[in-house]
Structure formats: C-alpha cells, structure tokens
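> Got a structure for you, written out below as structure tokens; questions coming shortly.
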Amino acid sequence: MGLFGKIKDALKKTKDSVSTKMRQLFLKNKIGDAFYDELEEILISSDVSVRTAEDVVEQVKEEAIGQKVKDEQFVTDLLKDILEDTLNESELPAFRYPVVIMFVGVNGVGKTTTIGKVANWFVRQGKSVTVAAADTFRAAASDQLTVWAERAKVRIVKHEEGSDPAAVIFDAVASAKARGTDVVLVDTAGRLHVKDNLMNELKKMDRVVEREFAQAQFLKLLVLDATTGQNALAQAKVFDEAVDLDGIVLTKLDGTAKGGFVFSLCGDLKIPVVFVGVGEKMDDLELFDAEQFVEGFF
Ligand SMILES: Nc1nc2c(ncn2[C@@H]2O[C@H](COP(=O)(O)OP(=O)(O)OP(=O)(O)O)[C@@H](O)[C@H]2O)c(=O)[nH]1
Ligand SMILES: [Mg+2]
C-alpha cells in the first residue's frame, strides 16, 4: 500500500456517502443556482461547517461562471482544488531538533496511542525519543504509556499517580537535555475541556517547557477523534485559546463518515492537520496530505 493509501482507505465511509450524493446531484441538475445550493447541502451533510461550505461553493461558482463552464468534470476538479487549498491554508513548521511535542485533548480521543505511534515514527527517522507520562491523573495512564514506550523501544519518564504533571515534564526535559535526546513527547490528562483546572494545568506545563528548554522547538498538538464530527471544532477553539495550538492529530479516521469537518478545522480555525491515525496499531499513522484527503473524500 502506498504511503497515503491508508488515508484514502480510512475515508471510505465518508466517501461512500458523499460520492453517491454527488452523482445524484449531477444527474438531477444542470449546473446553476439549484445545483450550487444542493452542493452546499451535500458538503454540510458531511460535516463541513456552514461557513466553510458557503465559502467553498461561492469560490467554485465564481470561477465556473467566470470561465463560462458548465461541465461536470470541470466543476468537480475545481471543487477539489478549492477544498485542497482550504486544507493547505496553514502549515506546521518543519521539525527542528530538539523538539518537545505536547499532546492535548479530551479523554479517549487517542492521545496515548498517538504518542506510541508518533514515537515509532520518529524512531524510524533515526531520532532518539523520550516520552513523558504527564497524565498523572488517571490510574494506569502511565502503565499504558509504558507499554507503548516498550513497543516503540523508547525511554519513558514517569512519576507516581497523582503527582504534579509539571514535575514529570521538568524531569523529562532535564533528562533530554543531559542525553541530547532529539524528541520529547508529552502525554497529558484528558479531562473535560470545560474544566478550568485542566486548562490551567496545561498552561503550567507549557511554561515549564518554555522556561527549562528554551532552545527546543516546542509544538502543541491537539488530538481530535474524527468520529466527533463538527463538535471537534468547539474542542479545538477551547484548547487553542488555552495553549495556542500548532497543529492537530486526527485519530480514528478509519471509523468516521463525517470527515468533512476537517475542511472547517483548516478553513475556519487555520490550524494545520499534521498526523492522521487510521487504526489502533503502531504503524497506523500517516502524515497528513491534503491532496490524498480530498481524493479520499469523493
Ligand atoms: N480505530 C482507531 N482507534 C484508535 C485510534 N487512535 C486511538 N484509538 C483507540 O481509542 C481508544 C482510546 O485511546 P487512548 O490513546 O487511550 O486515548 P487517550 O486520549 O489517551 O485517553 P485518556 O488518557 O483516557 O484521555 C483506544 O481504544 C485506542 O485503541 C485510531 O486512529 N483508530
Ligand atoms: Mg491517555
């Protein structure tokens, strides 16, 4: 399977629902106002936000009318190009080593699993990796991360349950500096995003990295469960306000028929998608690719 084949495959459920509707749209309508209204509805029904759907359809319309084209293939290609541009609106800066990546997100989205996969991804690029078990809140969280660290063959820094997560990060950073480690991946607790104390705790952790490892590149990635659909946008807003996100990891893309919200993440919030999780195993991680995503969507 090609590098990005997994993204396309994972979107199969989304694609099935969108493709059928698109085919019917072309069968039923000549390209005109009714057509564009219905196109907007199709996008919205696959969880593209109203704002992004309107914006995209407006662009398709303008371009198609400007070029006096009414041909199906042309309109489809145009739509794909515009959707791809939407996904590419913002970009993650290239990794610069040493790098600290903190993974945040509500419970159960796949943070710990993602760290296992991302650790493995960096190891395969020949980088040294340490994972930091800064989810000290949930019982067994550090055991779960230990299993992933063993699988990926990377070091783990952990403290006992209930201890201060900022202290775990402090130790992980100190050890990474001492050993010249390339990558530090920080697992965090995922209590509900409405709770102020989680956000305050994340801010505190953020400050420890800024203060103790100023020479490192510091990235904060939000892990989002793709099956959440548009609610993911609200989560992204809350976390972005608290810690100023650099990017997003989409998990469980393999289980969603609502892939359309990703266009709104990039279009409305201007936060780039970096990695995509397409299954529960260590290799089920891909770098995000806008072109493949759009191809998988139709
Ligand atoms: N199908 C699928 N399942 C996934 C993916 N990523 C994670 N999961 C599953 O989602 C569940 C939750 O994953 P965790 O990594 O424990 O999530 P978490 O965000 O660390 O959870 P908390 O620590 O409780 O906040 C597990 O059963 C994972 O196997 C993915 O890309 N695809
Ligand atoms: Mg976890």
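FYI, my numbering numbers position 130 of the sequence shown as 196, with every residue one higher than the one before it.
In this text, a Cβ means the ideal position worked out from N, Cα and C, and glycines have one as well.
For ligand 1, I want to know if Thr-86 counts as a neighbour, meaning its beta carbon is within less than 7 angstroms of at least one of the ligand's heavy atoms.
no
> Alpha carbon to alpha carbon, how far is Glu-128 from Gly-333?
18 angstroms
> Could you tell me the alpha carbon to alpha carbon distance between Thr-196 and Leu-105, rounded to whole angstroms?
Each residue's Cα considered, the two are about 47 angstroms apart.
> So, does the CB of Thr-247 fall closer than 8 angstroms to a CB anywhere in chain B?
Included in the structure is just one protein chain, with no chain B present.
> Can you tell me which of Leu-287, Phe-140 and Val-141 puts its alpha carbon nearest to the alpha carbon of Val-340?
Leu-287
> Leu-299 and Leu-331 - do their beta-carbons sit closer together than 8 angstroms?
yes
> If I'm right that Lys-252 touches Met-168 with Cβ under 8 angstroms, what's the distance once you round it to whole angstroms?
According to the sequence provided, residue 252 is Val. The question's Lys does not apply to it. Right, the Cβ-Cβ distance comes to about 4 angstroms (below 8 angstroms), so this counts as a contact.
> State yes or no: is the C-beta of Ala-429 nearer than 7 angstroms to some heavy atom of ligand 1?
With the chain covering 67 to 364 only, the question about residue 429 has no answer from this structure.
> Could you tell me the distance, in whole angstroms, from the CA atom of Asn-263 to the CA atom of Tyr-102?
45 angstroms
> Under a three-way DSSP split, which group does Phe-203 fall into?
coil
> Using 10 angstroms around the beta-carbon of Glu-346, count the other beta-carbons present and answer buried if the total reaches 16, otherwise exposed.
exposed
> Buried or exposed for Gly-326, please, with buried defined as at least 16 other CB atoms from any protein chain shown within 10 angstroms of its CB.
Of the other Cβ atoms in all chains shown, 16 or more fall within 10 Å of the Cβ of Gly-326; this residue is therefore buried.
> Answer yes if the region 294-309 comes into contact with the region 152-167, meaning at least three C-beta pairs across the two stretches below 8 angstroms, and no otherwise.
Taking 8 angstroms as the limit for Cβ pairs, the verdict is that the region 294-309 does not touch the region 152-167.
> May I ask whether a heavy atom of ligand 1 can be found less than 7 angstroms away from the beta carbon of Gln-367?
An answer regarding residue 367 cannot be provided, because it is not within the stretch 67 to 364 covered by the chain.
> Give me whichever residues DSSP pairs with Ile-167 in a beta bridge.
Leu-251 and Leu-285
> So, at 6 angstroms on beta carbons, what are the nonlocal neighbours of Ser-208 in its own chain, with the 5 sequence-adjacent residues on each side left out?
These residues qualify, in order along the chain: Ala-199 and Lys-224.
> Can you tell me where the beta strand (DSSP E) with Ile-222 in it begins and where it stops?
221-223
> State the DSSP-derived secondary structure class of Glu-420, mapped to helix, strand or coil.
Residue numbering for the chain in the displayed model covers 67 to 364; residue 420 lies beyond these limits and cannot be assessed.
> Give the secondary structure of Ile-148 by DSSP, where H, G and I count as helix, E and B as strand, and everything else as coil.
In this structure, Ile-148 counts as helix in the three-state DSSP scheme.
> How many angstroms separate the CA atom of Lys-193 from the CA atom of Asp-350?
19 angstroms
> Can you confirm whether the region 85-104 touches the region 300-310 when touching is taken to mean that 3 or more C-beta pairs between the two stretches lie within less than 8 angstroms?
no
> Taking the alpha-carbon positions, what's the Ile-222 to Asp-312 distance?
Using only the alpha carbons, I get a separation of about 24 angstroms.
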